[in-house]
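The sequence shown begins at 197 in my numbering and counts up one residue at a time. Glycine included, each C-beta is placed from N, C-alpha and C at the ideal position.
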Amino acid sequence: MTLNNGFSDSRGADSMLMHSVGRYRLLQLKDSRISRALALALAVLFIPAVGWAAPQASAYGRLASWLRRARNNAVEFTQGGPYDVRTFGAVLNGVTDDAVAIQRAVDQGGKIVFPPNSTAYISVPIRVPSNTVIDCRNSTIKTVSGGSIFRAIGSASNPLVGVEIENCNLDGQASTLGVGNSSSVIYLDYVNGFSIQHDTVRNCGWWCAEADFSNSGLIANNYFANTYGDCAGWQQGANVKLVNNTCDGFSDGGFSANVNASSGVIAGNVLENGRANSFGIEAAGAHDVTISSNIVEGGYGQNGIRVLANDGADAYAVTVANNTVGNARSGQFCINLTAPNQASHPSSPLVVTNNLLNCASGNGIYVWADNTTVHGNTIATSGTGIVLDGNSSTTSNNLFVNGNVIVGAANAVTSAPSTVVVNAVTVDNVSFPAQ
Numbered sequence: 197m198t199l200n201n202g203f204s205d206s207r208g209a210d211s212m213l214m215h216s217v218g219r220y221r222l223l224q225l226k227d228s229r230i231s232r233a234l235a236l237a238l239a240v241l242f243i244p245a246v247g248w249a250a251p252q253a254s255a256y257g258r259l260a261s262w263l264r265r266a267r268n269n270a271v272e273f274t275q276g277g278p279y280d281v282r283t284f285g286a287v288l289n290g291v292t293d294d295a296v297a298i299q300r301a302v303d304q305g306g307k308i309v310f311p312p313n314s315t316a317y318i319s320v321p322i323r324v325p326s327n328t329v330i331d332c333r334n335s336t337i338k339t340v341s342g343g344s345i346f347r348a349i350g351s352a353s354n355p356l357v358g359v360e361i362e363n364c365n366l367d368g369q370a371s372t373l374g375v376g377n378s379s380s381v382i383y384l385d386y387v388n389g390f391s392i393q394h395d396t397v398r399n400c401g402w403w404c405a406e407a408d409f410s411n412s413g414l415i416a417n418n419y420f421a422n423t424y425g426d427c428a429g430w431q432q433g434a435n436v437k438l439v440n441n442t443c444d445g446f447s448d449g450g451f452s453a454n455v456n457a458s459s460g461v462i463a464g465n466v467l468e469n470g471r472a473n474s475f476g477i478e479a480a481g482a483h484d485v486t487i488s489s490n491i492v493e494g495g496y497g498q499n500g501i502r503v504l505a506n507d508g509a510d511a512y513a514v515t516v517a518n519n520t521v522g523n524a525r526s527g528q529f530c531i532n533l534t535a536p537n538q539a540s541h542p543s544s545p546l547v548v549t550n551n552l553l554n555c556a557s558g559n560g561i562y563v564w565a566d567n568t569t570v571h572g573n574t575i576a577t578s579g580t581g582i583v584l585d586g587n588s589s590t591t592s593n594n595l596f597v598n599g600n601v602i603v604g605a606a607n608a609v610t611s612a613p614s615t616v617v618v619n620a621v622t623v624d625n626v627s628f629p630a631q
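(1) Taking G401 as the reference, give the member of N551, G342, R502, I337 with the closest Cα.
(2) Beta strand (DSSP E) containing R502: first to last residue?
(3) Nearest by alpha-carbon distance to V281: which of R300, V461, G290, V291 is it?
(4) Taking a contact to mean a Cβ-Cβ separation below 9 Å, would you say G429 touches L438 in this structure?
(5) Find the nearest neighbour of G500 within the set V485, F284, N554, judged by alpha-carbon distance.
(6) Measure the C-alpha to C-alpha separation of V516 and A297 and round it to an integer number of angstroms.
(7) Under 8 Å: do the segment 324 to 331 and the segment 362 to 382 share three or more Cβ pairs, one atom per stretch?
(8) Can you grab the Cα-Cα spacing for the pair A511 / N454, in whole Å?
(9) With DSSP as the reference, label S611 as helix, strand or coil.
(10) List the residues that DSSP assigns as beta-bridge partners of Q393.
(11) Give the single residue among S459, A505, T622 whose Cα lies nearest to the Cα of V570.
(12) Measuring alpha carbon to alpha carbon, tell me which residue in V375, V514, G425, S543 is nearest F650.
(13) What is the DSSP secondary structure of F284, reduced to helix, strand or coil?
(14) Counting C-beta neighbours from all protein chains within 10 Å, is the total for P251 16 or more, i.e. buried, or is it exposed?
(15) Using DSSP's beta-bridge definition, name the partner residues of E478.
(16) Write down the C-beta distance between A565 and L546 rounded to the nearest angstrom, noting that I regard them as a contact closer than 8 Å.
(17) Can you tell me which of the three DSSP states D303 falls into?
(18) Kindly list the residues whose CB is nearer than 6 Å to the CB of N519, restricted to its own chain and excluding five residues on each side of it in sequence; keep chain order.
(19) My output table needs one value for V296: the three-state DSSP class, helix, strand or coil.
(20) Name the residue from Q528, I575, C404, L366 whose alpha carbon lies nearest to the alpha carbon of L373.
(21) Using CA atoms only, rank isn't needed, just tell me which of D385, V626, V563 is closest to I349.
(22) Just reading off the beta strand (DSSP E) that D484 is part of, what are its end residues?
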């Protein structure tokens, strides 16, 4: 065949490739970045020009095939890395300020690594760009008291993509409540396709991990401890999974989906040692969210799990299922549904089902909402098992409460007058005395 560069057969192509590869190998010894660039140039420019029919028949067929793959996967070269932060001057003795050196490494993009089990101190946050993986390899990064460590901030018109933070021990060194997201140890804003995994984040002034206006994310297998705000959550974003994390010691809240958060999952998490006035898990102004298979232990001051409207955003299409909640404080509820504007979403009910609630001197489930099903829950309490409520301006409508087992309650199910709790069906609930 006649080749499009003028060679009469594949041997001519091989000759050209051999000559180019010889130069490539020479440069490879001198500068690895030059070698990567040349490999990419060969892949992009040479192979389409040659276009031989059977490269596998050539002695250099394998290399040609490799170059072709390099062309098709150019991101491997353009992303770069892994870059060791020490290459950029990080000292990692826990005292010297390594912020500038780490920022230089992160600015390269691609994968950034730390030597295992080292300690860095930074005085200012690290700004994280798109397509960046930060792998601390169990190293520790400390910052000023109540400070932020990693911040990835895009915009509505130009969101960041592909930010991953993993295997990091992060210490915000907070001793009091901070001032907004500037005190969140990890803060993402307008980031699509993010991952926060296998991190330990302590002493957080605001949130340990906060994602705003960010979509398609995973917050998983992390340990969050001693936060003066929340452990982790997201708002104004969709398709976020917050799973298999531990939240140990929280002053405001544990895990949350807030203000127009949607299409998310909060599942398999453990929360313990909540402080006075704290809640465990919430969907606040969120919709199409599933809260399932979490363990919320005692000490929280408000509700174990709560679903409510927030900042003008309704809560609807929220399912709370198969959770274990313990030790509500007196006057509080294991689960609280306060979503009176939910009537605007008749086809998107709230569902509370198959939860195990050991509410102690607190109460079981509070409902001030519409189109709500409370079914198959087991509630142990010395207070009230289930409370159905409303008022003259925002009534509760279409409540279906059945098949719940209530143990030890002073009152099993109570309902406000029918003028404010309309069409409430309460059947097949079983109440037992305390054992």
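In brief:
(1) G342
(2) 501 to 504
(3) R300
(4) yes
(5) N554
(6) 46 Å
(7) yes
(8) 9 Å
(9) strand
(10) E362, A416
(11) T622
(12) Here the chain has residues from 197 to 631 only, and residue 650 is not among them.
(13) helix
(14) Reliability of the predicted coordinates at P251 is poor, the pLDDT of 41 falling under 50, and the value obtained from them is presented with this limitation in mind. So P251 ends up on the buried side.
(15) S452, R502
(16) 6 Å
(17) helix
(18) N490, N551
(19) helix
(20) C404
(21) D385
(22) 483 to 488
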